[in-house]
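Q:
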Amino acid sequence: MQISDKKVVTISYELYIESPENEFEIVEVAGEDAPMVFLFGHSGLPGDFENQLSGKSEGDEFDFVLEPQAGFGELNEEDIADFPLDMFKIEDGEVPANMLDLGNFIPFTNEDGSKITGRVHSVDEQTVRVDFNHPLAGKTLKFEGKVLSIREATPEEIDHGHVHGEGGHQH
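Residue numbers (this note's numbering): 2 to 172.
1) So what's F25 in DSSP terms, helix, strand or just coil?
2) Does M100 come out as helix, strand or coil in the three-state DSSP assignment?
3) In angstroms with no decimal places, state the Cα-to-Cα distance between V9 and A31.
4) Identify, in the order they occur along the chain, each residue of the same chain with its Cβ nearer than 6 Å to the Cβ of T11, setting aside the five sequence neighbours on each side.
5) Would you mind stating whether G146 and L40 have Cβ atoms separated by less than 8 Å?
6) For chain C, check one thing: does any of its Cβ atoms lie closer than 8 Å to the Cβ of D64?
7) Hey, quick one: how far does the beta strand (DSSP E) through L142 stretch, first residue to last?
8) Can you give the Cα-Cα distance for G119 and Y14, rounded to whole angstroms?
9) Taking the continuous alpha helix (DSSP H) assigned at I159, which residues delimit it?
10) Count the other CB atoms within 10 Å of the CB of D34; is the residue buried (16 or more) or exposed (fewer)?
11) Kindly indicate which residue of D102, E62, I107 has the alpha-carbon position closest to the one of I4.
12) Just the Cα atoms here: how many angstroms apart are E59 and P85?
13) Please tell me whether, using a cut-off of 7 Å, the distance from the CB of D6 to the nearest non-hydrogen atom of the ligand SAM is below it.
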């Protein structure tokens, strides 16, 4: 069986990010003991990621690079916003411990009521700068891995748009 639309795919991989010195540094591992399982064509992963896997069979290895525009997009400066520090203070007038540590993710609600997450970029005496870009935006990504298994998606998985059962979404 080959990877194609509406197949449940299980892969192991190592993700590397290109450093400013043009070297790739490992940032994430999904090993065979904790692989990534997704519904091909409905994964929410970048299309070029799926394109690189399309047609591969169980046991095939992969090794490819995605430039930022093919991965999670370029870094968009308009998705970085400043908020008054006072906005994060609670009843006692203090900011909760560790809440604004650099790199922390903070939940927000946007103008239309949707939940979004921003990453603390910087903090000074009056302002908190929050980055709403995807954490991998602007990064050149390298994936090395192996296709562990492929199966037909169930009608329920196709209807729901995600994998059910082991490694997937549990209802």
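Where is the CB? At the ideal position from N, CA and C, for every residue including glycine.
A: Short version:
1) strand
2) coil
3) 16 Å
4) P36, V38, L149, S150
5) Taking C-beta atoms as the reference points, G146 and L40 fail to come closer than 8 Å.
6) Looking at the structure shown, chain C is missing, and only one protein chain is on hand.
7) Annotation for L142: the continuous beta strand (DSSP E) segment containing it runs 142-153.
8) Each residue's Cα considered, the two are about 26 Å apart.
9) Start and end: 156-161.
10) exposed
11) E62
12) 52 Å
13) Annotation note on the ligand SAM: not contained in the displayed structure, which lists no ligands.
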